[in-house]
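This report refers to the structure that appears directly beneath it.
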Amino acid sequence: MSFTGKLVKNTYFHLLSQAVNLLSPFILIPVIISSIGAEDYGIYVLVLGFIGTFGLLDLSFSSSFVKFIAEYHNKKQTVSLIEVINTGFIFYLIFSVVTVTIALLVSDYLFGLVNIPPEKYLLAKNVFYLSLLIFFFGSSFGIFNSLLIGLQQMYQGAIASIFVSLGYFAAVLILMLTNSGLLSLMIAQLTSGIVSVIITLILAKRNLPGLVVSPRRFTLTRLKEMSKFGIQIQVSRLATFASEKYDEFLLGAFSTLGNVTLYNLGSKAATYGKFIPLQFIAPIVPAAAELSALKQADKLRELYLSTVKYLNMLAIPVFIFLFFFSDRLFFAWMGPGYESSVLISRILIAGYISNFLFSVPGNIIIPNTGVPKYQMREGLIFLGINIIVSYFLIKEYGITGAAFGNAVSVVISSVYILIVSSRFFRVNPLRIITKFFTKPVLFSVIPAIPLLLFFTFTAYSSERAINILYIGAAAFFYFMVYGFLLISFTYLSPKDYELITKFLIKLPPFNIIAERQRRKMKTDAATAATDELIENDINTEDSRGLRNEFSNKTAGLFSFSRYRNRMLKYINRVISQDED
Numbered sequence: 009m010s011f012t013g014k015l016v017k018n019t020y021f022h023l024l025s026q027a028v029n030l031l032s033p034f035i036l037i038p039v040i041i042s043s044i045g046a047e048d049y050g051i052y053v054l055v056l057g058f059i060g061t062f063g064l065l066d067l068s069f070s071s072s073f074v075k076f077i078a079e080y081h082n083k084k085q086t087v088s089l090i091e092v093i094n095t096g097f098i099f100y101l102i103f104s105v106v107t108v109t110i111a112l113l114v115s116d117y118l119f120g121l122v123n124i125p126p127e128k129y130l131l132a133k134n135v136f137y138l139s140l141l142i143f144f145f146g147s148s149f150g151i152f153n154s155l156l157i158g159l160q161q162m163y164q165g166a167i168a169s170i171f172v173s174l175g176y177f178a179a180v181l182i183l184m185l186t187n188s189g190l191l192s193l194m195i196a197q198l199t200s201g202i203v204s205v206i207i208t209l210i211l212a213k214r215n216l217p218g219l220v221v222s223p224r225r226f227t228l229t230r231l232k233e234m235s236k237f238g239i240q241i242q243v244s245r246l247a248t249f250a251s252e253k254y255d256e257f258l259l260g261a262f263s264t265l266g267n268v269t270l271y272n273l274g275s276k277a278a279t280y281g282k283f284i285p286l287q288f289i290a291p292i293v294p295a296a297a298e299l300s301a302l303k304q305a306d307k308l309r310e311l312y313l314s315t316v317k318y319l320n321m322l323a324i325p326v327f328i329f330l331f332f333f334s335d336r337l338f339f340a341w342m343g344p345g346y347e348s349s350v351l352i353s354r355i356l357i358a359g360y361i362s363n364f365l366f367s368v369p370g371n372i373i374i375p376n377t378g379v380p381k382y383q384m385r386e387g388l389i390f391l392g393i394n395i396i397v398s399y400f401l402i403k404e405y406g407i408t409g410a411a412f413g414n415a416v417s418v419v420i421s422s423v424y425i426l427i428v429s430s431r432f433f434r435v436n437p438l439r440i441i442t443k444f445f446t447k448p449v450l451f452s453v454i455p456a457i458p459l460l461l462f463f464t465f466t467a468y469s470s471e472r473a474i475n476i477l478y479i480g481a482a483a484f485f486y487f488m489v490y491g492f493l494l495i496s497f498t499y500l501s502p503k504d505y506e507l508i509t510k511f512l513i514k515l516p517p518f519n520i521i522a523e524r525q526r527r528k529m530k531t532d533a534a535t536a537a538t539d540e541l542i543e544n545d546i547n548t549e550d551s552r553g554l555r556n557e558f559s560n561k562t563a564g565l566f567s568f569s570r571y572r573n574r575m576l577k578y579i580n581r582v583i584s585q586d587e588d
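Counting from 9, one number per residue, gives the positions in the sequence shown under the working numbering.
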């Protein structure tokens, strides 16, 4: 399979698995709370919070797995590849045992920090023990999932994840509807974790037949190699984590706990804009590592520019929609009284947009070429500026100062990565901004204007369902117009259309259209002539540019059949390539 084909396939199944993982808790959480009660659910959340904190102690060792697995696999260095897997597995096995042991020793102290009713104490301890088992299996065997990613077989792990998640969803639904209690929920989670590990081990062995797990394959050389990479990523990880909690801590010190809640809600709302774009990142990581291992600098540069283009194409409209309509979204989500959270989310969104344009693409690719130091420095810059700026702004302006301090820190640290990325990939930073930023912003603002006018003269409904309906209709109109403008005014190249078509024909209804076209092409006696005509049509259209076509035939801009025919051309082209 071609490099692009692997990237598209991995992205598709990764998105599908993430969609299942997103929808599952969205549906299950109300059912769980209704079944076990708010108090038991609070225990569940607290325990998972403790376990999540333990995961920060691993020095980000796992962040190096995909990079080194992809590198040694593509260099055909099987011995080094096996050493990386065994070193990583044994390290995390020891790490998990030590972490679980420490957690057991400090469990009484941890539970003493929170107000757990005496009658719930035994339940909380049992939930904690089961959570440690879940942590142990997930942490110890995580390297084998990294193996699938590094071998560019992410889609296999994603498919397995979908089936395990659906099984877990069904089990929890049955257990909660029969009021089986919190412990049954934890047992279901542990079971799904063990099943996931078993499936991953089978897939790992199938994709790497020479895989051998033995302590004799553990080497200090590989440990040093991976830890040097991981520690730099860990610094960035901890710096970002500390900065995010620092703002809330200062608000708690200089303001009220109510402001901490309002800030947290505003931050969560702004963060939702990251979800969809970030799902496209995971498949890029092994792709970057593979190109780096093969020393294909030109393709790495092309991957960087494509990542900038696609991430901003996806992220900017989402963030701008959240920016303009966060008041309506908050009213539909939380009800009235969250005006401060609306303001916070809008300020933070400004920082997040700069982060996606300037920082995220470089931080996806550069560390996976074996150069993690820039991401580490960005984290330190972010932390250093945030500590100073937020301290004074929060003292002076309270909750608003916290948001401005965070946004300023994000913008400055992101600009640093833009400068570094420009030098690393030898591209003009101004060209990146003008080429990949201007049009998505403009195409996002255009549909937002009539919606703003509409909402200006539309009162808030006391019925939350009505507000949700308004927001849903507005989002549909907004993104349809955005997509129309994006297609019409040459933001995407013919190569982009081919790549997007390869992705879309895996989704309904495009997969049905593609299958019909495939059958039609097989039964068409003039297939070769049709292919040649398609190629000539596309090349002719590409050479003269859509802009000239629109100026000569403005009416065609609004012709549905024109866009339908264009879509079929690219579907036929992709099918022809697959047949070849």
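Cβ coordinates follow ideal geometry from the N, Cα and C atoms, glycine included.
- Contact annotation: leucine 259 and alanine 358 have beta-carbon atoms that are not nearer than 8 Å.
- With at least 16 other beta carbons inside 10 angstroms of its own, glutamate 298 counts as buried.
- No Cβ-Cβ contact shorter than 8 Å links phenylalanine 366 with valine 416.
- 8 Å or more divides the Cβ of serine 25 from the Cβ of serine 115.
- In the same chain as valine 39, and ignoring 5 residues on each side of it, the C-beta atoms closer than 6 Å to its own belong to Met184, in chain order.
- Here the alpha carbon of asparagine 272 sits roughly 21 Å from the alpha carbon of glutamate 47.
- When the Cα atoms are used, serine 204 and lysine 213 turn out to be separated by approximately 14 Å.
- Every alpha helix (DSSP H) stretch that sits fully inside the stretch 169-227 and reaches 4 residues is listed by chain position as 190-215.
- Within 10 angstroms of the beta-carbon of isoleucine 328 lie 16 or more other beta-carbons, which makes it buried.
- About 7 Å separates the beta carbon of alanine 277 from that of leucine 330, a gap short enough to meet the 8 Å contact definition.
- Residues of the same chain with a CB within less than 7 Å of the CB of proline 291, apart from the 5 flanking positions on each side, are Leu15, Asn18, Thr19, His22 and Met162 in chain order.
- In the three-state reduction of the DSSP assignment, lysine 84 falls in the coil class, being assigned neither a helical nor a strand state.
- Here leucine 401 is not near phenylalanine 390, since their CB atoms are 8 Å or more apart.
- Cβ neighbours of glutamine 383 within its own chain (closer than 6 Å, five residues either side excluded): Ser244, Asn371 and Pro375.
- DSSP places leucine 156 in the uninterrupted alpha helix (DSSP H) bounded by 150-158.
- With a cut-off of 8 Å on Cβ pairs, the stretch 80-91 is in contact with the stretch 225-245, counting three or more such pairs.
- About 42 Å separates the beta carbons of serine 398 and aspartate 306, which is beyond the 8 Å limit, so they are not a contact pair.
- In the structure shown, isoleucine 328 adopts helical secondary structure according to DSSP, grouped into three states.
- Within a 10 Å sphere around the beta-carbon of alanine 295 sit 16 or more other beta-carbons, which makes this residue buried.
- In this structure, DSSP gives glutamate 471 a state outside helix and strand, which the three-state scheme calls coil.
- DSSP places glutamate 298 in the uninterrupted alpha helix (DSSP H) bounded by 292-301.
- Contact between the stretch 149-167 and the stretch 90-107 is present: three or more C-beta pairs spanning the two stretches fall below 8 Å.
- Contact between the stretch 190-209 and the stretch 128-144 is present: three or more C-beta pairs spanning the two stretches fall below 8 Å.
- In the structure shown, the three-state DSSP call for valine 423 is helix.
- Between serine 147 and tyrosine 176, the C-beta gap is not smaller than 8 Å, which leaves the two residues out of contact.
- In the DSSP annotation of this structure, the continuous segment of the alpha helix (DSSP H) that includes glycine 387 starts and ends at 381-405.
- Close CB contacts of valine 449 within its chain, under the 8 Å cut and outside five residues either way in sequence, are with Ile324 and Ile328 (chain order).
- Here arginine 354 is actually not in contact with phenylalanine 463; their C-beta atoms are around 15 Å apart, not less than 8 Å.
- Phenylalanine 465 and isoleucine 479 have their alpha carbons spaced roughly 15 Å apart.
- In the pairwise beta carbon analysis, the stretch 482-496 is classified as touching the stretch 436-452: at least three pairs are separated by under 8 Å.
- If you draw a straight line from the Cα of alanine 301 to the Cα of valine 293, it is about 12 Å long.
- Residue environment: leucine 438 is assigned as exposed (fewer than 16 neighbouring CB atoms within 10 Å of its CB, all protein chains considered).
- Excluding sequence positions up to five before and after asparagine 414, its CB lies within less than 7 Å of the CB of Asp255, Leu356, Gly359, Asn394 and Ser398, all in the same chain and listed in chain order.
- Excluding its 5 nearest sequence neighbours in each direction, leucine 231 has C-beta neighbours in its own chain below 7 Å: Thr95 and Phe99, listed in chain order.
- For tyrosine 360, the secondary structure class from DSSP, reduced to helix, strand or coil, is helix.
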